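Protein chains in written order, with the working numbering: chain A, 780 to 943; chain B, 77 to 846.
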């Protein structure tokens, strides 16, 4: 069995290919081969959510997703949310404005799950939102302002009045 | 307009929201060697031998180093400032690797390899033979005669014992008619659980050692690495990039000394040492589990006549921050609820558990749990309302502590409690919930705490910083008090803008990354000190910088120095507010003057010889499902008097995080050890129950802003205080709901099942049928 395999995929809108160690996680590939360091390592066993990325639009802990499974997939990391001219997306700006960031280590993973939530176009209840975001651990914020940032952005995108 | 007191967005917000912020691991050069540690799988033993041959034969393994290879240079790890008084120096009980294994997870060897896989394989291939020794996990069992001994220098496993005496306790308790309220209160071993694990990398450069580390205390780490390696301290350069949280764990030399030594063993090649989550739980630091025994003697009118407090602090295997934590816990009692006759004792005791160090609150979450549990029991023994009893007995306005020099200038406690009671709707709900009799019952609990700001007079308090006037009129700012997620850099930017007279906090460029070769010496992030202590040196350095700017402006404008001011980035004439020149014009003119070129900078050190009381309280409302043994926090509020807020939004956010930690401390978090082997059983984020998004109600953070008179900016401690009073408030709310007083945390379903059964609230029909 060859230890390396050529993996083609689309990362943040760009078609790419690299030889990848078949034992490597998607986290390893994104960090080491593509220098996408927003993908953070907090546990490497799928407990904390810091390494979360979108794969074909769906949030995954990339630490327990093999790099070779990325063949043919569309992968998005936090680096891909910013517009080409350096403008932050609404959810990134909301994290800043709502003071939802402290040490910043869980932030990339959270924002990518938020992106999945927002792109669904659905209006979730508070309980649903909490459950959808509960795959991420944060020790700084008590989740309070993260919740506000996501909820406010969801309402804004749907053109609805916020009820806090 | 004021630059402080405003909810500005974080100076590092954009980079953190876009994912470009670099933490230590993002800066490791390609090709760095991997260091992996062999941790002992036994709680107490001597290493007889380590067979490294199989590991060394693995392709990619570069070097194996064991406890038999390390220098015999014992070093201390606590993140305290060095003391010139040998009697006040930290206990040097550590080696880089240990022949005497003192806990399950101790470090006995390392494998250095070209890649991660080889390093891990190498560790698994090491064959360690041990001569096992008996071990002890419980703090009081470790004090018994005949208990297994951990350190030769500390007979009976006692690291230290101190006491406090006030009045005459023994005589006071003979007063007729006193009511005795006695309890044993147990707090668990918990871990900081910052989402970024500790790690570092090291390499040699021109014969010196550079270590880039996820630490809160770069300047202190430089000293410890020097001590551990027997090198002059200036041979060591520590670089601290952004870090993913610390909460005190990284206020300790963790693996920087070992990593630094490893690079010297492979010819100065870059080596990386990354802790896994499992290593972070067991082989970094934990919070001290402290057991308290409290006896309170009450008069019928609700006055506390005498109090006895005994504190038994479980230090684990190594001294780390040691006795300072329980000493602080014990010291809180006589000030929190002052009474005339007190007898307090504290012991710090070695056991075969992971080493306990600093963790957010530094003894106060433990003390607050015990004190506020006992005080609640006192109120109930008298039939008094919980809030009223506290109002009657808590530290009064004007209270002065001779040792710290602290004064309770305002009536902060009562103001905080009044605000908390109003938010939670205390009186109405107390009445309403008292009628609950079914399976689901509701209750309200209150708890309070106090906290010192910074560490004066116990240790040195010093802060240095440098300000540089840039050619565009902005200021670059550096100091040794680190950003660890709390928002210190943003607070500094606001204070510097205010003190210098800049237009916006955005005109201050805070160099977040400390480099001990370049950054003015500071002590780092701990003791909720950064904003308070940096405030002194910021004001002082800003005055020096302003003096230089105005002197130069005097040359350029011919106006007297005393008749000029700097306002919003402009030099103005005071008498008529006429704008004279901008800081940009001044900086350009001064720098490019062909005859008298001037680069305008200022740097100074301030030795802080003040401390400040920080106060607060928690009110919690819970719903207890008795048959399910389940507690739901329905409503919770923290109210803090941390002086004037520099940035209200950041302050509020910091309180949320502390409240979350306190909820975990009260209800779910604990590191569990196997009694038979001493092995930690749940050192991972799945089995260790950290609060998730689903475990909190809305977290309400409120403030009473009494300006702290000693601070140039009227501010005082906030970093740690939010973690202190939440757990006892929840405990007291459960007591209010069910009548069952639970004297240990976490109050999880296992504990509730036992306690509710004992109280006759639930009956185990299944067992009875059996």
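All C-beta atoms, glycine included, are put in the ideal place defined by N, C-alpha and C. Just so we're clear, the structure is a prediction, and the values are computed from it rather than from any experiment.
Where residue i meets chain B, residues with beta-carbon distance less than 7 Å
i	result
residue 921/A	732, 733, 735, 736, 772 and 775
residue 887/A	95
residue 861/A	94
residue 912/A	769
Among the options, nearest to residue i - alpha-carbon criterion
i	options	result
residue 700/B	189/B, 830/B, 752/B and 825/B	825/B
residue 122/B	174/B, 88/B and 137/B	174/B
residue 643/B	234/B, 578/B and 704/B	578/B
residue 89/B	805/A, 883/A and 937/A	883/A
residue 402/B	380/B, 374/B, 383/B and 446/B	446/B
residue 171/B	153/B, 664/B, 540/B and 315/B	153/B
residue 899/A	838/A, 856/A and 848/A	838/A
residue 178/B	164/B, 186/B, 208/B and 165/B	208/B
residue 718/B	633/B, 417/B and 797/B	797/B
residue 383/B	400/B, 413/B and 393/B	413/B
residue 107/B	185/B, 647/B and 192/B	192/B
residue 723/B	704/B, 483/B, 634/B and 568/B	568/B
residue 450/B	216/B, 368/B, 188/B and 155/B	368/B
residue 404/B	444/B, 344/B and 512/B	444/B
residue 823/B	804/B, 835/B, 441/B and 270/B	804/B
residue 776/B	767/B, 799/B, 732/B and 786/B	732/B
residue 556/B	565/B, 583/B, 600/B and 749/B	600/B
residue 582/B	591/B, 565/B, 593/B and 597/B	565/B
Where residue i meets chain A, residues with beta-carbon distance less than 8 Å
i	result
residue 560/B	882
residue 563/B	881
residue 725/B	878
Neighbour list for residue i in chain A, Cβ cutoff strictly below 9 Å
i	result
residue 697/B	What residue 697/B touches in chain A: nothing, since even the nearest Cβ is about 17 Å away.
residue 706/B	None at all; the shortest Cβ gap to chain A is about 17 Å.
Contact list for residue i against chain A, beta-carbon separation under 7 Å
i	result
residue 92/B	880, 883 and 886
residue 102/B	816
residue 850/B	What the structure shows of chain B is the stretch from 77 to 846, and residue 850/B is not part of that stretch, so it cannot be assessed.
residue 729/B	878, 881, 920 and 924
residue 89/B	875 and 880
Whole-angstrom C-beta distance between residue j and residue i, which should lie under 8 Å
i	j	result
residue 428/B	residue 212/B	6 Å
residue 813/A	residue 799/A	The pair is not a contact, with the Cβ atoms about 11 Å apart (cut-off 8 Å).
residue 736/B	residue 524/B	Rounded, the Cβ-Cβ distance is 19 Å, inconsistent with contact.
residue 871/A	residue 93/B	4 Å
residue 571/B	residue 80/B	6 Å
residue 743/B	residue 764/B	13 Å between Cβ atoms; not a contact.
residue 902/A	residue 939/A	7 Å
residue 186/B	residue 111/B	5 Å
residue 472/B	residue 240/B	That belief does not hold up - the Cβ atoms of residue 472/B and residue 240/B are roughly 20 Å apart, past 8 Å.
Contacts that residue i makes with chain B (C-beta to C-beta distance below 8 Å)
i	result
residue 869/A	In chain order: nothing, as chain B lies at least about 11 Å away.
residue 916/A	269, 271, 761, 766 and 768
residue 876/A	85
residue 851/A	Those do not exist, as residue 851/A stays about 24 Å from chain B at its closest Cβ, beyond 8 Å.
residue 823/A	352 and 353
Residue i, enclosing beta strand (DSSP E) - first and last residue
i	result
residue 288/B	284-289
residue 855/A	853-855
residue 519/B	516-528
residue 113/B	109-115
residue 682/B	677-683
residue 799/A	793-800
residue 399/B	Looking at the DSSP string, residue 399/B is not in any beta strand (DSSP E); the run it does join, the alpha helix (DSSP H), is 399-412.
residue 279/B	275-281
N-terminal and C-terminal residue of the alpha helix (DSSP H) that residue i is part of
i	result
residue 463/B	462-469
residue 183/B	Segment 183-189 is the beta strand (DSSP E) holding residue 183/B; no alpha helix (DSSP H) there.
Legend entry - Residues within the segment 309-325 of chain B neighbouring chain A, beta-carbon criterion of under 9 Å: 318, 319, 320, 321, 322 and 323
Legend entry - Within 9 Å of chain A by C-beta, residues of the segment 262-294 of chain B in sequence order: Answer set for the segment 262-294 of chain B: 268, 269, 270, 271, 272 and 273.
Inset, instruction - Anything in the segment 597-625 of chain B with a Cβ closer than 7 Å to a Cβ of chain A? List those residues in chain order, please. - result: none
Legend entry - Contact set between the segment 325-355 of chain B and chain A, restricted to residues whose Cβ is under 9 Å from the partner: 350, 352, 353 and 354
Legend entry - Interface positions of the segment 522-537 of chain B facing chain A (Cβ-Cβ less than 9 Å), listed along the chain: none
Inset, instruction - For the segment 826-849 of chain A, enumerate the residues whose C-beta is nearer than 7 Å to any C-beta of chain B, in chain order. - result: 826, 827 and 829
Legend entry - Contact residues within the segment 179-201 of chain B, judged by C-beta distance below 8 Å to chain A: 193
Legend entry - Residues of the segment 891-910 of chain A whose Cβ lies closer than 7 Å to any Cβ of chain B, in chain order: Answer set for the segment 891-910 of chain A: 909 and 910.
Legend entry - Interface residues of the segment 778-811 of chain B facing chain A [CB-CB below 7 Å]: none
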